[in-house]
Structure formats: C-alpha cells, structure tokens
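Sequence order for the protein chains is A and B. With my numbering applied, the first sequence corresponds to residues 1 to 228, in that order. With my numbering applied, the second sequence corresponds to residues 229 to 374, in that order. Glycine is no exception: its CB is placed at the ideal position from the N, C-alpha and C atoms. None of the values given here were measured: they were computed from a predicted structure. Inspection log for the structure reproduced underneath, given as structure tokens.
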Amino acid sequence: MVPTKGQRRLIDLGAGVYAVSEVCRILQPTMTPRKVHYWLDTGLLSDPVRWGSRGHPTLLSYRQLLEIRTVQQLRDELEFSLPRVRDALLWVLEHLFAREWSDLRFAKGVDGSLVAHSGTDQIVVPGGQGVLEGTLPELNEQVAETRRAWEEQAFVIPGHAFIVSNARILAGTPTIRGTRVDTALIARFAETETFDEETLDEIKQVYPRLANDAIAAALEFEGIHRAA
Amino acid sequence: MKYLLDEQLDEVVAESMTPIGTKFGDEFTHILAIRDQGTPDQEIPVLCRNEGAECLISANVRDFGARKFYYQALLTEGLHVVVLRPGKGKFYEEEQLSLLSRSYRRIRSITATATEPQLIACTPSSVRDRSIDDLIEEFDRGRRLP
C-alpha cells in the first residue's frame with residue numbers, strides 16, 4: 001500500500017501530541033488539568049493542536065508541554081502572580097522557543113529589579129525585586145534545560161532520569177529513554193502498588209534489553225514503588 | 229503480507245507467529261531484528277517500505293486518547309496499524325501471542341479487503357477497524373464551535 005495522497009494528516013510523525021491528563025502525568029505532582037485549561041483559556045499558552053469538547057479531549061503539542069513546564073517553574077520558583085507577570089511570561093515563552101536562540105537568562109538589574117535577557121532584548125519582570133539572587137542560577141539552568149529539550153525534542157521527566165517524553169517516539173508518550181517501550185506497558189506487570197526484584201525479573205523476561213534501573217524508573221513513574 | 233512488530237511486543241511473538249503466517253504466505257518480523265531500540269516514529273514507514281511490510285503491529289494499554297492521531301499519521305503513510313489492547317493483567321509474551329493469533333484471521337480479512345489503510349484495535353473480545361476518514365471525523369468532532 002502506498003502513502004495516501006490528498007488525505008489530511010492530523011499530526012506529523014515526529015510531532016508530540018498530548019491529552020491534558022497526559023501532560024499532568026508527565027509534570028506530576030503539581031500540575032492539574034484545571035491549571036492547564038486556565039492557562040490555555042487566558043492565552044498564556046499557544047493554541048492547542050485541538051480544542052476539546054464533550055467527549056473529545058483538548059490536545060496539546062510538545063511545545064505546549066514545555067510551555068506549561070516553564071510557566072510552572074517560573075511560578076513555583078519566583079512565586080509570582082500570573083496576571084501580574086503575564087506579559088513577561090509571554091515574552092519569555094516567545095524567546096525560549098524562537099528559531100534563533102539567544103541565551104535566555106534572568107538577572108538582577110542595578111535597581112534590584114528582575115530582568116530577563118535574550119540577546120540584545122530584555123524585559124523587566126514586574127514584582128521581581130523580592131526575588132533572591134541565589135535562586136537565579138537554578139532558574140537559568142532550568143530555562144537552559146527546557147531549551148535543550150526543545151532542540152532535542154525529548155524531555156527528561158523531572159525526577160525520573162530514565163523516562164522521557166520524546167516527541168519523536170510514540171508521539172511523546174512517556175517511554176524508557178532510548179526505546180519505544182512505554183511506561184504504561186511496564187506498569188502492567190506490577191500487581192500491586194509496590195515492586196520487588198521478582199517483578200523486575202519478570203519484566204526482564206519480556207524485555208530482556210531493558211536495564212533493571214530503567215524498568216524500576218518506569219514503575220516509579222507510574223506510581224509503583226519499590227517494596228521496603 | 230509482511231507484518232512488522234513494534235518494540236512494545238516481545239521478539240518471541242514474531243518468531244511464534246511465523247509458522248502460522250507461513251500457511252497464508254505472511255511473514256512476521258520484529259523491529260529489533262533489523263534495528264536497534266528507539267527507532268523514531270518518522271522512520272517507521274521508511275523501515276516498513278524497505279522491509280516490504282504493509283502493517284505495523286503495536287500495543288497500547290492506556291486510552292487511545294492522543295495516541296490515535298499518531299496512528300492516523302502512520303495510516304497516511306500507507307501502513308495498516310494493528311494495536312493490541314490486552315485486558316487486565318500482565319501482558320506476558322504468551323498473552324501477546326494469544327491476542328495476536330486469535331485476531332489474526334480477522335486482521336487478514338480486514339487488510340485483504342481494505343482499499344485504504346486501517347487502524348485495527350484488537351481486544352480479547354473484539355477486533356475493530358477504523359479508516360483515516362473515521363479518525364479525521366473523530367478529530368473534527370472535538371473542535372470547539374466558534
């Protein structure tokens with residue numbers, strides 16, 4: 001059978017696509033569907049792949065996954081009120097995903113204000129005077145990490161080193177890094193909310209190429225923890 | 229027809245299906261027999277074309293959700309996509325083989341008569357197929373009215 005001509009492709013192969021619940025699962029534990037929908041509805045995020053309706057979930061892109069992650073980090077790290085810093089956030093998101101990347105960094109201005117810089121462009125973040133200078137290196141590292149995840153189209157899920165949402169693999173479904181094996185499939189092998197060496201051995205029989213650490217990470221990501 | 233089994237399935241399943249498929253002139257190859265782990269989605273249709281495979285066999289234990297739009301993209305590349313959807317419980321190789329072998333005649337029948345690529349979902353109790361247009365309609369129904 002040959003590729004079909006003229007038929008609409010809903011997404012391109014290699015582009016991530018996510019239900020809101022999936023985004024929340026990836027950005028657990030603090031992300032909620034309510035927050036995502038609020039940020040979408042208030043125009044803080046770019047337009048989704050598809051707006052939802054009854055029985056049909058809103059679908060988000062890989063870029064939106066990273067946008068949500070960035071807003072989440074800035075909000076959590078800087079404890080800003082979103083309406084107040086909305087314009088600054090939009091500026092940050094625009095520069096973070098720009099085709100031409102100029103190192104995006106936060107720094108303190110001479111008057112103590114918080115300024116985001118990208119190349120020769122900059123914006124003052126309202127209310128940033130109270131932000132401690134010591135928090136900025138970590139924040140800048142997080143921003144740089146997000147840019148790397150954008151360029152590589154693969155996002156290492158926070159707290160789960162072996163687990164990625166790779167836009168190029170199963171359209172971003174959480175998988176074990178370097179494989180096409182999704183974590184949900186691995187979780188099927190745990191009968192309870194805990195696992196032990198026997199569980200790992202069972203899974204290894206089906207997926208002999210996976211390392212024990214990677215299998216354990218997949219189970220942990222799915223909320224199944226190592227038995228004490 | 230030649231079938232390519234994706235990485236979610238045990239390599240043994242391809243080997244075990246081979247004698248069954250041979251009776252009908254079909255072949256089953258596991259992706260890891262020809263490529264390393266982690267083949268990107270975009271390379272799957274190319275790989276299938278190079279191998280002469282017209283159908284990708286995969287597995288999914290969660291809701292179809294967003295994943296069906298990935299399957300739709302594979303369909304537009306001219307591939308049939310079979311998705312094994314097990315019931316509750318562990319998805320050992322024997323369960324994978326059981327679900328695929330029980331669905332196999334129906335899969336053959338669907339692909340033999342199809343005029344365009346089909347998404348074929350196999351559960352322990354049913355085999356259901358959808359076309360590209362069916363998936364587009366499902367997608368469009370989700371659009372918010374102006």
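Note down the Cα distance separating residue i from residue j, rounded to an integer number of angstroms.
{"i": "residue 183 of chain A", "j": "residue 96 of chain A", "result": "29 Å"}
{"i": "residue 276 of chain B", "j": "residue 234 of chain B", "result": "11 Å"}
{"i": "residue 149 of chain A", "j": "residue 251 of chain B", "result": "47 Å"}
{"i": "residue 205 of chain A", "j": "residue 239 of chain B", "result": "11 Å"}
{"i": "residue 230 of chain A", "j": "residue 157 of chain A", "result": "The question about residue 230 of chain A has no answer, for chain A in this structure spans 1 to 228."}
{"i": "residue 303 of chain B", "j": "residue 31 of chain A", "result": "33 Å"}
{"i": "residue 253 of chain B", "j": "residue 245 of chain B", "result": "12 Å"}
{"i": "residue 33 of chain A", "j": "residue 20 of chain A", "result": "6 Å"}
{"i": "residue 322 of chain B", "j": "residue 172 of chain A", "result": "28 Å"}
{"i": "residue 192 of chain A", "j": "residue 220 of chain A", "result": "12 Å"}
{"i": "residue 50 of chain A", "j": "residue 60 of chain A", "result": "7 Å"}
{"i": "residue 69 of chain A", "j": "residue 248 of chain B", "result": "48 Å"}
{"i": "residue 88 of chain A", "j": "residue 363 of chain B", "result": "39 Å"}
{"i": "residue 360 of chain B", "j": "residue 286 of chain B", "result": "17 Å"}
{"i": "residue 373 of chain B", "j": "residue 41 of chain A", "result": "Reliability fails at residue 373 of chain B, whose pLDDT of 40 lies under 50, so the model's placement of it is uncertain and the value that follows must be treated cautiously. Distance between the alpha carbons of residue 373 of chain B and residue 41 of chain A is about 15 Å."}
{"i": "residue 135 of chain A", "j": "residue 113 of chain A", "result": "14 Å"}
{"i": "residue 119 of chain A", "j": "residue 109 of chain A", "result": "16 Å"}
{"i": "residue 356 of chain B", "j": "residue 348 of chain B", "result": "6 Å"}
{"i": "residue 203 of chain A", "j": "residue 312 of chain B", "result": "18 Å"}
{"i": "residue 336 of chain B", "j": "residue 231 of chain B", "result": "11 Å"}
{"i": "residue 151 of chain A", "j": "residue 48 of chain A", "result": "20 Å"}
{"i": "residue 236 of chain B", "j": "residue 155 of chain A", "result": "20 Å"}
{"i": "residue 369 of chain B", "j": "residue 53 of chain A", "result": "8 Å"}
{"i": "residue 179 of chain A", "j": "residue 265 of chain B", "result": "5 Å"}
{"i": "residue 319 of chain B", "j": "residue 207 of chain A", "result": "11 Å"}
{"i": "residue 166 of chain A", "j": "residue 71 of chain A", "result": "20 Å"}
{"i": "residue 300 of chain B", "j": "residue 217 of chain A", "result": "30 Å"}
{"i": "residue 163 of chain A", "j": "residue 213 of chain A", "result": "11 Å"}
{"i": "residue 100 of chain A", "j": "residue 117 of chain A", "result": "14 Å"}
{"i": "residue 209 of chain A", "j": "residue 44 of chain A", "result": "42 Å"}
{"i": "residue 346 of chain B", "j": "residue 338 of chain B", "result": "8 Å"}
If I follow the unbroken alpha helix (DSSP H) through residue i, where does it start and stop?
{"i": "residue 356 of chain B", "result": "Note, residue 356 of chain B: premise wrong, no alpha helix (DSSP H); beta strand (DSSP E) at 355–359."}
{"i": "residue 21 of chain A", "result": "20–26"}
{"i": "residue 62 of chain A", "result": "62–78"}
{"i": "residue 200 of chain A", "result": "197–206"}
{"i": "residue 216 of chain A", "result": "212–221"}
{"i": "residue 186 of chain A", "result": "183–187"}
{"i": "residue 36 of chain A", "result": "33–41"}
Which chain A residues are close to residue i, counting only those with a beta carbon under 8 Å from its beta carbon?
{"i": "residue 235 of chain B", "result": "179, 180, 181"}
Residue range of the beta strand (DSSP E) that residue i falls in?
{"i": "residue 106 of chain A", "result": "104–108"}
{"i": "residue 87 of chain A", "result": "It is not in any beta strand (DSSP E) - residue 87 of chain A instead sits in the alpha helix (DSSP H) that spans 82–96."}
{"i": "residue 247 of chain B", "result": "Careful: residue 247 of chain B lies outside any beta strand (DSSP E), inside the alpha helix (DSSP H) at 239–250."}
{"i": "residue 255 of chain B", "result": "255–258"}
{"i": "residue 236 of chain B", "result": "Unbroken run through residue 236 of chain B: none, as it is neither H nor E."}
{"i": "residue 118 of chain A", "result": "114–118"}
{"i": "residue 349 of chain B", "result": "346–350"}
I'd like to confirm something about residue i: is its beta-carbon nearer than 7 Å to some heavy atom of the ligand FMN, or not?
{"i": "residue 252 of chain B", "result": "Among the components of this structure there are no ligands whatsoever, and the ligand FMN is therefore not found."}
For a contact defined as C-beta to C-beta under 7 Å, what are the partners of residue i on chain B?
{"i": "residue 189 of chain A", "result": "318"}
{"i": "residue 19 of chain A", "result": "293, 294"}
Can you pull the chain A residues whose beta carbon is under 9 Å from the beta carbon of residue i, in chain order?
{"i": "residue 302 of chain B", "result": "13"}
{"i": "residue 289 of chain B", "result": "182, 184, 185, 187, 188"}
{"i": "residue 321 of chain B", "result": "205, 206"}
Report, in whole angstroms, the separation of the C-beta atoms of residue i and residue j, which I expect to be a contact under 8 Å.
{"i": "residue 199 of chain A", "j": "residue 190 of chain A", "result": "6 Å"}
{"i": "residue 270 of chain B", "j": "residue 223 of chain A", "result": "31 Å between Cβ atoms; not a contact."}
{"i": "residue 327 of chain B", "j": "residue 350 of chain B", "result": "6 Å"}
{"i": "residue 143 of chain A", "j": "residue 104 of chain A", "result": "5 Å"}
{"i": "residue 241 of chain B", "j": "residue 283 of chain B", "result": "About 14 Å separates the two Cβ atoms, so there is no contact after all."}
{"i": "residue 18 of chain A", "j": "residue 153 of chain A", "result": "13 Å between Cβ atoms; not a contact."}
{"i": "residue 66 of chain A", "j": "residue 146 of chain A", "result": "5 Å"}
Chain A partners of residue i, CB-CB under 7 Å?
{"i": "residue 238 of chain B", "result": "206"}
{"i": "residue 313 of chain B", "result": "Correct list: empty, because the minimum Cβ distance to chain A is about 11 Å."}
{"i": "residue 266 of chain B", "result": "169, 178, 179, 180"}
List, in chain order, every chain B residue whose beta-carbon is nearer than 8 Å to that of residue i.
{"i": "residue 170 of chain A", "result": "269, 295, 298"}
{"i": "residue 22 of chain A", "result": "293, 294"}
{"i": "residue 40 of chain A", "result": "Those do not exist, as residue 40 of chain A stays about 11 Å from chain B at its closest Cβ, beyond 8 Å."}
{"i": "residue 209 of chain A", "result": "260, 265"}
Please compile the residues from chain B whose C-beta is within a distance smaller than 9 Å of the C-beta of residue i.
{"i": "residue 173 of chain A", "result": "288, 290, 294, 295, 298"}
Secondary structure, alpha helix (DSSP H): runs of 4+ residues fully inside the stretch 126–174 of chain A: 136–152
Fully enclosed by the stretch 253–322 of chain B, which alpha helix (DSSP H) runs are 4 residues long or longer? 271–279, 295–304
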